[in-house]
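K.L.:
If you read the sequence shown in the working numbering, its first letter stands for residue 5, the second for the next number, and so on.
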Amino acid sequence: MTIPDRTGADTTEVHEAWLPPEAFRAIGSRRVLVRGEGPLVETVREEVAGACARYGGAHGGDQHAHAGPYDLVLALTTAEPLPGVAAEVLAELRRLPDPTIGEQGFALARRDGVTVALADDPAGLLYGLFQVVRLGEAAFRAGRPVERHRPAMLRRMLDHWDNVDVHPVMGQVERGYAGGSIFWRDGAARGDLARVRAYARLLAACGVNAVAVNNVNVHATEAHLLTDRLGDVAAIADELRPYGIRVHLSVNFAAPVVLGGLPTADPLDEGVRAWWAAATAKVYATIPDFGGYVVKADSEGQPGPFAYGRSHADGANALAGALAPYGGVVHWRAFVYDHRQDWRDRSTDRARAAHDHFAPLDGRFGDNVILQVKHGPMDFQVREPVSPVIAAMPATRLAAELQVTQEYTGQQRHVCYLAPMWREVLGFRPWGPDGPAVADVVGGGGGLVGVSNAGDDPYWTGHPLAQANLYAFGRLAWAPGLDPAAILDEWIDLTFAPTATGEAEPLRRTLHAMMDDSWRTYERYTAPLGVGFMVRPGHHYGPDVDGYEYTPWGTYHFADRDGVGVDRTRATGTGFTGQYPPPWAEVYESLDRCPDELLLFFHHVPYGHVLHSGLTVVQHIYDSHFAGVEQVERLRRRWADAADAVPPALHARVAGLLDEQLRCALEWRDQINAYFFRKSGVPDARGRRIP
Ligand code: GCU
Numbered sequence: 005m006t007i008p009d010r011t012g013a014d015t016t017e018v019h020e021a022w023l024p025p026e027a028f029r030a031i032g033s034r035r036v037l038v039r040g041e042g043p044l045v046e047t048v049r050e051e052v053a054g055a056c057a058r059y060g061g062a063h064g065g066d067q068h069a070h071a072g073p074y075d076l077v078l079a080l081t082t083a084e085p086l087p088g089v090a091a092e093v094l095a096e097l098r099r100l101p102d103p104t105i106g107e108q109g110f111a112l113a114r115r116d117g118v119t120v121a122l123a124d125d126p127a128g129l130l131y132g133l134f135q136v137v138r139l140g141e142a143a144f145r146a147g148r149p150v151e152r153h154r155p156a157m158l159r160r161m162l163d164h165w166d167n168v169d170v171h172p173v174m175g176q177v178e179r180g181y182a183g184g185s186i187f188w189r190d191g192a193a194r195g196d197l198a199r200v201r202a203y204a205r206l207l208a209a210c211g212v213n214a215v216a217v218n219n220v221n222v223h224a225t226e227a228h229l230l231t232d233r234l235g236d237v238a239a240i241a242d243e244l245r246p247y248g249i250r251v252h253l254s255v256n257f258a259a260p261v262v263l264g265g266l267p268t269a270d271p272l273d274e275g276v277r278a279w280w281a282a283a284t285a286k287v288y289a290t291i292p293d294f295g296g297y298v299v300k301a302d303s304e305g306q307p308g309p310f311a312y313g314r315s316h317a318d319g320a321n322a323l324a325g326a327l328a329p330y331g332g333v334v335h336w337r338a339f340v341y342d343h344r345q346d347w348r349d350r351s352t353d354r355a356r357a358a359h360d361h362f363a364p365l366d367g368r369f370g371d372n373v374i375l376q377v378k379h380g381p382m383d384f385q386v387r388e389p390v391s392p393v394i395a396a397m398p399a400t401r402l403a404a405e406l407q408v409t410q411e412y413t414g415q416q417r418h419v420c421y422l423a424p425m426w427r428e429v430l431g432f433r434p435w436g437p438d439g440p441a442v443a444d445v446v447g448g449g450g451g452l453v454g455v456s457n458a459g460d461d462p463y464w465t466g467h468p469l470a471q472a473n474l475y476a477f478g479r480l481a482w483a484p485g486l487d488p489a490a491i492l493d494e495w496i497d498l499t500f501a502p503t504a505t506g507e508a509e510p511l512r513r514t515l516h517a518m519m520d521d522s523w524r525t526y527e528r529y530t531a532p533l534g535v536g537f538m539v540r541p542g543h544h545y546g547p548d549v550d551g552y553e554y555t556p557w558g559t560y561h562f563a564d565r566d567g568v569g570v571d572r573t574r575a576t577g578t579g580f581t582g583q584y585p586p587p588w589a590e591v592y593e594s595l596d597r598c599p600d601e602l603l604l605f606f607h608h609v610p611y612g613h614v615l616h617s618g619l620t621v622v623q624h625i626y627d628s629h630f631a632g633v634e635q636v637e638r639l640r641r642r643w644a645d646a647a648d649a650v651p652p653a654l655h656a657r658v659a660g661l662l663d664e665q666l667r668c669a670l671e672w673r674d675q676i677n678a679y680f681f682r683k684s685g686v687p688d689a690r691g692r693r694i695p
């Protein structure tokens, strides 16, 4: 796909990701009827028309189209008969498990030579179309059972940490590893909105339906998107809308002061509330389907309600009140902690902060407030327990926030397929095996939010294989029970198989061998046993074991000559384990029952402590770091074998990144092993060389 740049003069060759034209071959070579009204149905029609034009099929467009015969019928539910579709088939599609297909859902079946996708609303029809794309020829095989699909979460959102101006430290995209922003460049909206449209299409194909277009750290220029630069946001909204995606905006809590010139941003002040109401009215006059605000308040230097002696419920409700008349929501982030703590103070525990601040406020947030909680209590580390906030606020709408951008997981230079981690998070049962899972909790209210990993890089995500993370985020938000390996298969089938020159199977095997276990591989060669961080401060890439140890950020490992880890027990530590309900409060408290992979998150132990695996902590550190590097070496060899299976430029890009991954993994291995060998004096039981 070629996309014009902002001047319209040059074009960039952009990778088609999981929607190459060939993915539409099965649809485009058939006779297709699209039935229904509304803008999203028009999008379905255009997609079908485009595919048919390319592959020689035919499409019947409107209400009054002739009675087939058709191979594929995509229709909104209707009392009228559908041409070529038996009444019993329609009845069957509608029957199970209850009479409605449901918001954004669809039903799919093949009977009497016709494949039928039926939806109650246009969004459901769009998702039904993309399911047929995913299935390809399989959608047209006889005897398919009736499938009914409904999203587990109605809100599936990506946050872009994109700056309008290039930030002197953070650049165009904060924690972005895929080039510049799709939306903004050098202080202005980009001219090449075709790229935004293509992005929207990719997101719809994996189920995302909301996007926040600017950084949660709202700097000076970005604040103006809410008022005098709203036109830029509206232009982006126009490109996202045809694919069922609503635009959201990160706003500055102090906007009434910095934009409105008011003396205060106190959320209980009448003038402040009136300012938010007026600003929000203008937003909706410009963008009628605007989704709402995202707010990072009292967090890492951002302004918030604490400055006025108000609670976060007061703060969130003030903005929510302004949005409520229009059906908008405020995503209020729970990432509130003291980033200026004294490292000498062992009683302050950053992991406790979100629960300490927010759990007491349960029940005090307005109906249209969504409390957006990072999945772990710290900050997107490779391994963390699930945040205890998720189980602590039954009367609040909660969203879980994941980091698709790989800030702490290899910065899109390392292969790190994150779906297995997210699957674990979403499937975690905070109240034990008989209680609901995280996916159920957030599915009932706020949904799932991911920090996007996409940028203006020709492969969208820097590392071409990181596209799989973006795809998997959407799919897990739709169906959190999906198997990560099956999601990877979908992604491989869409992205590579339709264009493969030879057999797709060897490439599939290669990608599974490289990606299925890549998150655990990354974990093996980085910070061990849940202790976290040990990264270079600032950019967070590569090892620096003590980099954060004596800083105010609250991210410590407390290694000394005897042992390592953070004592977060109630008995002798910070008491963090007490923020969990049973059984986890007991499991995490107990040295015997705590899972190995989280041991150093919850306990400070001697190096000789024996894990469930039978290894001592220090031997585990040595072994896992040697193993991690060996796995990266294997990845590199596997990829070399795939040279003929993918386009040469893509192969070369990944090969170059694998060289860097190996270099970095070696650095991690040697720094971590040397550090713990020098601290503990315990030699490697297997006699390997530790520098
Ligand atoms: C991390 C990240 C920041 C980001 C912050 C947030 O700390 O390093 O760049 O702003 O998370 O989630 O707000």
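Note that beta-carbon positions come from the ideal geometry of N, C-alpha and C, so glycine has one too. As the structure is a computational prediction, the values presented were derived from the model and not from experiment.
Determine the DSSP secondary structure at Ile291, reduced to helix, strand or coil.
P.N.:
Working through the sequence shown from its first residue, we reach residue 291 at position 287. Here Ile291 sits in coil by DSSP.
K.L.:
Does the region 75 to 84 come within contact of the region 24 to 40, defined as at least 3 CB pairs closer than 8 Å?
P.N.:
Counting Cβ pairs under 8 Å, three or more are found: they touch.
K.L.:
Can you tell me whether Arg667 is buried or exposed, with buried defined as 16 or more other CB within 10 angstroms of its CB?
P.N.:
For the purposes of this step, residue 667 is taken as the residue at position 663 of the sequence shown. Counting Cβ neighbours within 10 Å, Arg667 comes out exposed, since fewer than 16 surround it.
K.L.:
Does at least one heavy atom of ligand 1 sit under 8 Å from the Cβ of Lys378?
P.N.:
Taking the first residue of the sequence shown as 1, we reach residue 378 at position 374. Yes - ligand 1 has a heavy atom lying nearer than 8 Å to the Cβ of Lys378.
K.L.:
Applying the 10 Å Cβ sphere with the 16-neighbour rule, what's the burial state of Ala678?
P.N.:
Within the sequence shown, the letter at position 674 stands for residue 678. By the neighbour-count rule (16 or more Cβ atoms within 10 Å), Ala678 is not buried but exposed.
K.L.:
Below 6 Å CB to CB, which residues in the same chain sit around Gly367 once its five sequence neighbours on both sides are set aside?
P.N.:
The residue you call residue 367 lines up with position 363 of the sequence shown. Contacts found: Ala399.
K.L.:
So, is Asp460 buried or exposed, given that buried needs 16 or more other C-beta atoms within 10 angstroms?
P.N.:
Translated into the one-based positions of the sequence shown, residue 460 becomes position 456. So Asp460 counts as buried.
K.L.:
Quick one: residues in its chain with C-beta nearer than 6 Å to the C-beta of Met161, no 5 flanking neighbours on either side, listed in chain order?
P.N.:
Along the sequence shown, read from residue 1 onward, the residue named residue 161 stands at position 157. Excluding positions up to five away in sequence, the list reads Ala214, Val453.
K.L.:
Using beta-carbon positions only, say whether Ala127 and Gln135 come within less than 9 Å of one another.
P.N.:
Numbered from 1 along the sequence shown, position 123 holds the residue referred to as residue 127. Numbered from 1 along the sequence shown, position 131 holds the residue referred to as residue 135. No.
K.L.:
What does the alpha-carbon distance come out to for the pair Trp22 and Tyr312?
P.N.:
On the sequence shown, residue 22 is found 18 positions in, with the first residue counted as 1. On the sequence shown, residue 312 is found 308 positions in, with the first residue counted as 1. C-alpha separation (whole angstroms): 48 Å.
K.L.:
Express the C-alpha separation of Leu602 and Val386 in angstroms, rounding to a whole number.
P.N.:
Taking the first residue of the sequence shown as 1, we reach residue 386 at position 382. Taking the first residue of the sequence shown as 1, we reach residue 602 at position 598. Using only the alpha carbons, I get a separation of about 11 Å.
K.L.:
Spatial neighbours of Asp566 within its chain, please: C-beta separation below 6 Å, excluding the five flanking residues on both sides.
P.N.:
Here residue 566 refers to the residue found at position 562 of the sequence shown. Same-chain partners within the cutoff: Pro610.
K.L.:
Is the region 635 to 643 touching the region 584 to 603, taking contact as three or more C-beta pairs under 8 Å?
P.N.:
Result no; under three Cβ-Cβ pairs closer than 8 Å.
K.L.:
Return the chain-ordered ranges of every beta strand (DSSP E) run that is complete within the region 138 to 203 and spans a minimum of 3 residues.
P.N.:
Counting whole runs of 3 or more residues, the region 138 to 203 contains the beta strand (DSSP E) stretches 151 to 153, 160 to 163, 166 to 171, 175 to 177.
K.L.:
Taking Val419 as the reference, give the member of Pro381, Arg433, Ala472 with the closest Cα.
P.N.:
Taking the first residue of the sequence shown as 1, we reach residue 419 at position 415. With distances taken between Cα atoms, Val419 lies closest to Ala472.
K.L.:
What are the start and end residues of the alpha helix (DSSP H) that includes Gly32?
P.N.:
Stepping through the sequence shown from its first residue, residue 32 is reached at position 28. Unbroken alpha helix (DSSP H) run through Gly32: 29 to 32.
K.L.:
Per DSSP, what kind of secondary structure is Gly54 in: helix, strand or coil?
P.N.:
Locating residue 54 in the sequence shown gives position 50, where the first residue counts as 1. DSSP places Gly54 in helix when its eight states are reduced to three.
K.L.:
What does DSSP give as the partner residue(s) for Val455 in the beta ladder?
P.N.:
Position 451 of the sequence shown, counting from 1, holds the residue named residue 455. According to DSSP, which records beta bridges pairwise, Val455 is partnered with Asp163, Gln407.
K.L.:
Classify Ala111 as buried or exposed, calling it buried when 16 or more other Cβ atoms lie within 10 Å of its own Cβ.
P.N.:
Along the sequence shown, read from residue 1 onward, the residue named residue 111 stands at position 107. By the 10 Å Cβ count, Ala111 comes out buried.
K.L.:
Is it true that the CB of Leu533 sits closer than 9 Å to the CB of Ala423?
P.N.:
Stepping through the sequence shown from its first residue, residue 423 is reached at position 419. Stepping through the sequence shown from its first residue, residue 533 is reached at position 529. Taking 9 Å as the Cβ cut-off, Ala423 and Leu533 do not qualify as a contacting pair.
K.L.:
Alpha carbon to alpha carbon, what distance is there between Ala443 and Pro101?
P.N.:
Here the question's residue 101 lines up with position 97 in the sequence shown. Here the question's residue 443 lines up with position 439 in the sequence shown. Reliability of the predicted coordinates at Pro101 is poor, the pLDDT of 48 falling under 50, and the value obtained from them is presented with this limitation in mind. Rounded to the nearest angstrom, the two C-alpha atoms are 21 Å apart.
K.L.:
Arg574 to Gln583, Cα distance in whole Å?
P.N.:
Here residue 574 is taken as the residue at index 570 of the sequence shown, counted from 1. Here residue 583 is taken as the residue at index 579 of the sequence shown, counted from 1. So the alpha carbons of these two residues sit roughly 10 Å apart.
K.L.:
Are the CB atoms of His164 and Val217 within a distance shorter than 9 Å?
P.N.:
Residue numbering aside, residue 217 sits at position 213 when the sequence shown is read from its first letter. Residue numbering aside, residue 164 sits at position 160 when the sequence shown is read from its first letter. In this structure, His164 lies closer than 9 Å to Val217 by Cβ.
K.L.:
Tell me whether Thr781 sits in a helix, a strand or coil according to DSSP, three-state version.
P.N.:
Because the chain here runs from 5 to 695, residue 781 falls outside it and cannot be looked at.
K.L.:
Look up Val343 in the DSSP assignment and say whether it is helix, strand or coil.
P.N.:
Taking the first residue of the sequence shown as 1, we reach residue 343 at position 339. At residue 343 the sequence reads His, which differs from the Val that was named. Coil, per DSSP.
K.L.:
To the nearest angstrom, how far is it from the Cα of Leu321 to the Cα of Pro271?
P.N.:
Translated into positions along the sequence shown, residue 321 becomes position 317. Translated into positions along the sequence shown, residue 271 becomes position 267. Position check: residue 321 holds Asn in this sequence, whereas Leu was assumed. Spanning the two alpha carbons is a distance of roughly 8 Å.
K.L.:
Under 8 Å by Cβ, that's how I've got Leu604 and Val650 pegged, so tell me the actual separation to the nearest angstrom.
P.N.:
For this step, residue 604 is matched to residue 600 along the sequence shown. For this step, residue 650 is matched to residue 646 along the sequence shown. 39 Å between Cβ atoms; not a contact.
K.L.:
Using a Cβ-Cβ cutoff of less than 7 Å, which residues in the same chain neighbour Val255 once the five nearest sequence positions on both sides are dropped?
P.N.:
Here residue 255 corresponds to residue number 251 of the sequence shown, with the count starting at 1. Closer than 7 Å at the Cβ level, and outside the excluded window around Val255, lie Val222, Leu230, Tyr297, Val299.
K.L.:
Distance check for Leu661 and Gln635, CA to CA, integer angstroms please.
P.N.:
Along the sequence shown, read from residue 1 onward, the residue named residue 635 stands at position 631. Along the sequence shown, read from residue 1 onward, the residue named residue 661 stands at position 657. Roughly 15 Å separates the two Cα atoms.
K.L.:
How big is the Cα-Cα spacing for Tyr560 and Trp426?
P.N.:
What you label residue 560 is simply residue 556 of the sequence shown in a count that begins at 1. What you label residue 426 is simply residue 422 of the sequence shown in a count that begins at 1. So the alpha carbons of these two residues sit roughly 24 Å apart.
K.L.:
Might you give, ordered along the chain, the residues of its own chain that have their beta carbon closer than 6 Å to the beta carbon of Thr225, omitting 5 neighbours on each side?
P.N.:
Here residue 225 refers to the residue found at position 221 of the sequence shown. Counting only Cβ-Cβ distances below 6 Å, and skipping sequence neighbours, we find Val168, Asp169.
K.L.:
Report yes if the C-beta distance between Asp497 and Gly140 is below 9 Å; otherwise report no.
P.N.:
Position 493 of the sequence shown holds residue 497. Position 136 of the sequence shown holds residue 140. Contact flag set, yes.
K.L.:
Determine contact between the region 193 to 205 and the region 239 to 247, defined as no fewer than three beta-carbon pairs at a distance below 8 Å.
P.N.:
Counting Cβ pairs under 8 Å, three or more are found: they touch.
K.L.:
Might you give, ordered along the chain, the residues of its own chain that have their beta carbon closer than 7 Å to the beta carbon of Tyr526, omitting 5 neighbours on each side?
P.N.:
Taking the sequence shown and counting its residues from 1, one reaches residue 526 at position 522. So the list reads Val386, Thr413, Gly414, His418, Cys420, once near-sequence residues are dropped.
K.L.:
Sorry if obvious, but does the Cβ on Ser303 come closer than 8 Å to a heavy atom of ligand 1?
P.N.:
Residue 303 sits at position 299 when you count from the first residue of the sequence shown. Yes; taking the cut-off as 8 Å, the Cβ of Ser303 has a heavy atom of ligand 1 nearer than that.
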